[in-house]
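Structure first, commentary second.
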Amino acid sequence: MSSKIRVRFAPSPTGYLHVGGARTALYDYLYAKRFGGEFILRVEDTDQERSTEESMKMQLQDLKWLGLNWDEGVIIKDSDADPAMLTDSEFSEIGEYGPYRQSQRLEIYKKYADQLLESGRAYYCFLTDEEIDAQREQARRENRPPQVNSPYKNMSIDEAKAKLAAGEKAVVRFKTEGLKKDYIIEDLIRGEVKFPSDMVGDFVLLRSNGMPVYNFCCAIDDALMKMTHVLRAEEHLSNTLRQMMIYEALGFDLPKFGHLSIILGPDKQKLSKRHGATSCNEYREKGYLPEAILNYIAMLGWSHPEGKEILSKQELIDNFSLERVNPASAVFDEVKLKWVNASHLRALDHKTLWSLTEPFLKQEGLELPEDPEWQDRSLEVFKTSMETLKDAVDLYKPISSAHFEISEEAKDALSWESTKAVIEAWKQGVSAQPNEFMSQEDFEALQNQVKDTAGVKGKHLFMPIRVAVIGKPHGAELKMLVPLMAKSELLARADRVLAKI
Ligand code: GLU
Numbered sequence: 001m002s003s004k005i006r007v008r009f010a011p012s013p014t015g016y017l018h019v020g021g022a023r024t025a026l027y028d029y030l031y032a033k034r035f036g037g038e039f040i041l042r043v044e045d046t047d048q049e050r051s052t053e054e055s056m057k058m059q060l061q062d063l064k065w066l067g068l069n070w071d072e073g074v075i076i077k078d079s080d081a082d083p084a085m086l087t088d089s090e091f092s093e094i095g096e097y098g099p100y101r102q103s104q105r106l107e108i109y110k111k112y113a114d115q116l117l118e119s120g121r122a123y124y125c126f127l128t129d130e131e132i133d134a135q136r137e138q139a140r141r142e143n144r145p146p147q148v149n150s151p152y153k154n155m156s157i158d159e160a161k162a163k164l165a166a167g168e169k170a171v172v173r174f175k176t177e178g179l180k181k182d183y184i185i186e187d188l189i190r191g192e193v194k195f196p197s198d199m200v201g202d203f204v205l206l207r208s209n210g211m212p213v214y215n216f217c218c219a220i221d222d223a224l225m226k227m228t229h230v231l232r233a234e235e236h237l238s239n240t241l242r243q244m245m246i247y248e249a250l251g252f253d254l255p256k257f258g259h260l261s262i263i264l265g266p267d268k269q270k271l272s273k274r275h276g277a278t279s280c281n282e283y284r285e286k287g288y289l290p291e292a293i294l295n296y297i298a299m300l301g302w303s304h305p306e307g308k309e310i311l312s313k314q315e316l317i318d319n320f321s322l323e324r325v326n327p328a329s330a331v332f333d334e335v336k337l338k339w340v341n342a343s344h345l346r347a348l349d350h351k352t353l354w355s356l357t358e359p360f361l362k363q364e365g366l367e368l369p370e371d372p373e374w375q376d377r378s379l380e381v382f383k384t385s386m387e388t389l390k391d392a393v394d395l396y397k398p399i400s401s402a403h404f405e406i407s408e409e410a411k412d413a414l415s416w417e418s419t420k421a422v423i424e425a426w427k428q429g430v431s432a433q434p435n436e437f438m439s440q441e442d443f444e445a446l447q448n449q450v451k452d453t454a455g456v457k458g459k460h461l462f463m464p465i466r467v468a469v470i471g472k473p474h475g476a477e478l479k480m481l482v483p484l485m486a487k488s489e490l491l492a493r494a495d496r497v498l499a500k501i
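So that you can map any letter, position 38 of the sequence shown is 38 in this note's numbering, and since no number is skipped, the others follow by simple counting.
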């Protein structure tokens, strides 16, 4: 076995990349990077009914977005292509152990199935579904585990081949008879796990249509791709026994295994759609930063040795160890994720933060100045109220020229006798400003000036000005907003309000 650490993430392209999958990928990545190893991406797409290229592409894109760059495996040639326009040629591969898509390795699985058939460790089984159901039913009645007992397990291969030639359908089953009693792994996260070999009956390797099953492909690929460590979700722990049997029968070296606990929702049930967003893609759309997601999911079952909570990807790499991965299940807490996101977001330089925020603003059709100096100032004002990039939409909306409207709530203030004079004085004061943008002090001075000119104070002063600026009598503090609004914008708004009086 090569001494270099080789770890893989092996998604099934049957949907989006989920938070749990992303965490598995992250731990795989961190482990490889921490120890100078290689991180490999293999696509497990032998479930023909559920696997789609669109899903594969989305998962690869999400992994890339998260920054979990892999050294080997399937890659997307043109990551900007429209998923609906997918063709095979959009994917490519890097690495010397390919192909890395299981659907392109069928010949390899067939070769190893033949080897097991030849050695007598596997056999063709002609039991029909009805016969298997009947066996299971009987086992249930007799309180035995529902394992298949095939009458074909000792049939000679020639006899079986003759039946196949005559058109009969068969699966290829692994023969468990005569194997050792217990299989033991030293799980890197859970410690010693013992599997009694009678936990499984003769299991299927190839379906009757020739398609191999997950356990068979996975064991062969992990061995041929020279994986040193298999870190994956807890739900695969019970598969490990079958995979170990396959390794043994084919004379392959075993990798080290580590099984990560499942992630729970706040009600301590397995995290699912019912708890809210579970796919990385949804978090991207909700305005989360990839580095914040990595940081947060890293802590779902792992902790920094000094208890540090806000960590960059490099800090995660430098500090990661499996010894600190907790075998107990972690609870996903979106409030905490938001806090982590806000911390990363506020640490960004404004140029970067604006470039990430702008697409969210554009998506909502907000019209805002293009000037970088203005963008910088605006972030100074708003970023402390932003926990996600998307939060910027509500913060910037009141100052977007495309979104100005006079709300119903403004009616009352607009009906006051003094309002017209207040807004006219405001307008005049704005137009007399020497600069394109007012400072906070300019605004406060102008407000005082309006108070004197119109001879009103309190709500009769503030509310009409507020309506003249944002179209409604309540909302964010004007002394924050006004300095971000150009004179021409303020005048145009005041005119529209005056026209209503
Ligand atoms: N393809 C499997 C899954 O998506 C992963 C299996 C493994 O890591 O061994 O759950």
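Every residue gets a Cβ at the ideal spot worked out from N, C-alpha and C, and that includes glycine.
Asked: Terminal residues of the continuous beta strand (DSSP E) containing residue 187?; Found: 182-187
Asked: Less than 8 Å between C-beta atoms, sequence neighbours within five positions excluded: which residues of the same chain meet that for residue 52?; Found: 13 and 14
Asked: Please say whether residue 261 and residue 212 have beta carbons closer to each other than 8 Å?; Found: no
Asked: Between the Cα of residue 496 and the Cα atoms of 342, 414 and 202, which residue gives the shortest distance?; Found: 414
Asked: Sorry if obvious, but does the Cβ on residue 232 come closer than 7 Å to a heavy atom of ligand 1?; Found: yes
Asked: Excluding sequence positions up to five away, which residues of its chain have a Cβ less than 6 Å from the Cβ of residue 275?; Found: 265
Asked: State the start and end residues of the unbroken alpha helix (DSSP H) segment that holds residue 175.; Found: Residue 175 -> no alpha helix (DSSP H), and no H or E assigned at all.
Asked: Regarding residue 12 and ligand 1, is the C-beta to nearest heavy atom distance less than 7 Å?; Found: yes
Asked: Should residue 72 be counted as a contact of ligand 1 given a C-beta to heavy atom distance under 7 Å?; Found: no
Asked: Could you spell out the range, first to last residue, of the alpha helix (DSSP H) harbouring residue 344?; Found: 334-347
Asked: Using a Cβ-based criterion (distance less than 7 Å to any ligand heavy atom), does residue 236 qualify as near ligand 1?; Found: yes
Asked: According to DSSP, is residue 367 part of a helix, a strand, or is it coil?; Found: coil
Asked: At which residues does the alpha helix (DSSP H) containing residue 460 begin and terminate?; Found: 459-470
Asked: Can you check whether the CB of residue 183 is closer than 8 Å to the CB of residue 46?; Found: no
Asked: Does DSSP classify residue 190 as helix, strand or coil?; Found: coil
Asked: Which residue comes first and which comes last in the alpha helix (DSSP H) that contains residue 73?; Found: Note, residue 73: premise wrong, no alpha helix (DSSP H); beta strand (DSSP E) at 72-76.
Asked: Could you give the C-beta distance for residue 401 and residue 489, rounded to a whole number, given that I count them as a contact under 8 Å?; Found: 6 Å
Asked: Just to confirm my understanding: we take residue 8, look at its own chain, exclude 5 residues before and 5 after, and list those with CB closer than 6 Å. What are they?; Found: 40, 42 and 227
Asked: Just to confirm, is the Cβ distance from residue 398 to residue 301 under 8 Å?; Found: no
Asked: Could you check what DSSP says for residue 372 in three-state terms: helix, strand or coil?; Found: helix
Asked: Kindly indicate the opening and closing residues of the beta strand (DSSP E) around residue 288.; Found: That residue, residue 288, is in no beta strand (DSSP E); it is neither H nor E in DSSP.
Asked: Once the 5 residues before and after residue 521 are set aside, which same chain residues still bring their CB inside 7 Å of it?; Found: Outside the shown range of the chain, which is 1 to 501, sits residue 521, and nothing can be said about it.
Asked: Helix, strand or coil: how does DSSP classify residue 426 here?; Found: helix
Asked: Count the other C-beta atoms from every protein chain shown that fall within 10 angstroms of the C-beta of residue 290, then say buried if there are 16 or more, exposed otherwise.; Found: buried
Asked: Grouping DSSP H, G and I as helix and E and B as strand, with all else coil, what is residue 403?; Found: helix
Asked: Quick check: the segment 296-316 against the segment 357-375, are at least 3 beta-carbon pairs closer than 8 Å?; Found: no
Asked: So, with DSSP's three-state summary, where would you put residue 145?; Found: coil
Asked: Relative to the alpha-carbon of residue 480, which residue among 378, 174 and 460 has its alpha-carbon at the smallest distance?; Found: 378
Asked: With 16 other CB atoms within 10 Å as the buried threshold, where does residue 101 fall?; Found: buried
Asked: Given a threshold of 16 other Cβ atoms within 10 Å of its Cβ, counted over all protein chains shown, does residue 429 qualify as buried or as exposed?; Found: buried
Asked: Measuring only the C-alpha atoms, how far is residue 1 from residue 253?; Found: Its pLDDT being 45, under 50, residue 1 is placed unreliably in this model, and the coordinates cannot settle the point.
Asked: Does DSSP put residue 500 in a helix, a strand or coil?; Found: coil
Asked: Using 8 Å as the Cβ pair cut-off and three pairs as the minimum, do the segment 231-243 and the segment 151-160 touch?; Found: no
Asked: Is residue 246 closer than 8 Å to residue 174 when the C-beta atoms are compared?; Found: yes
Asked: Does the distance from the CB of residue 322 to the CB of residue 189 come in under 8 Å?; Found: yes
Asked: Check for me: the alpha helix (DSSP H) holding residue 249 runs from which residue to which?; Found: 239-250
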